[in-house]
Amino acid sequence: MLITCPYCGPRDVIEFTYQGDGNRERPDPASQNFEAWNAYVYDRLNPAGDHNEIWQHSGGCRAHLKVVRNTLTHEISSVAFARGDHGSAARHKAEDKA
Numbered sequence: 002m003l004i005t006c007p008y009c010g011p012r013d014v015i016e017f018t019y020q021g022d023g024n025r026e027r028p029d030p031a032s033q034n035f036e037a038w039n040a041y042v043y044d045r046l047n048p049a050g051d052h053n054e055i056w057q058h059s060g061g062c063r064a065h066l067k068v069v070r071n072t073l074t075h076e077i078s079s080v081a082f083a084r085g086d087h088g089s090a091a092r093h094k095a096e097d098k099a
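Rendered as structure tokens:
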């Protein structure tokens, strides 16, 4: 399976580390709601079809990525940075090549 890192380009999945479900909402860290924390830690959906996931390019630029992957075919339909604007990183990469 290939994942196209927005910074490094297409790379084999061996360079990436799965970080978890991209749809989950973490409870407020100050919350003492046992049911909410129990659901966050243990309850998992097993969707068939497109699924939002978080991956880290651990063998490359170390960026966290939002990936939409079909769980039946493993086809990846989109990849984007998980947080913030990484435009400055892309500019530095272009400058390094010049």
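Numbers 2 to 99, taken from the numbering used here, label the letters of the sequence shown in order. No residue lacks a Cβ here, since even glycine has one placed at the ideal position from N, Cα and C.
Asked                                                                                  : Found
Helix, strand or coil at TYR19 [DSSP, three-state]                                     : strand
Contact under 8 Å by Cβ, ILE4 with TRP56                                               : yes
GLU54 in three-state terms, based on DSSP                                              : strand
Paired residues, beta bridge with ASN71 - DSSP                                         : ASP51
Among PRO30, ARG27 and GLU54, the one whose alpha carbon lies nearest that of GLN78    : According to the sequence displayed, residue 78 carries Ser and not Gln. Taking only the C-alpha atoms, the option nearest SER78 is GLU54.
Buried versus exposed, by CB contacts within 10 Å (16 or more), PRO11                  : exposed
Bridge-paired residues (DSSP) for ARG12                                                : ILE4
Nearest candidate by alpha-carbon position, reference THR74, set GLY60, ASP51 and CYS6 : ASP51
Cβ shell of TRP38 (< 6 Å), same chain only, five flanking positions each side left out : PRO28
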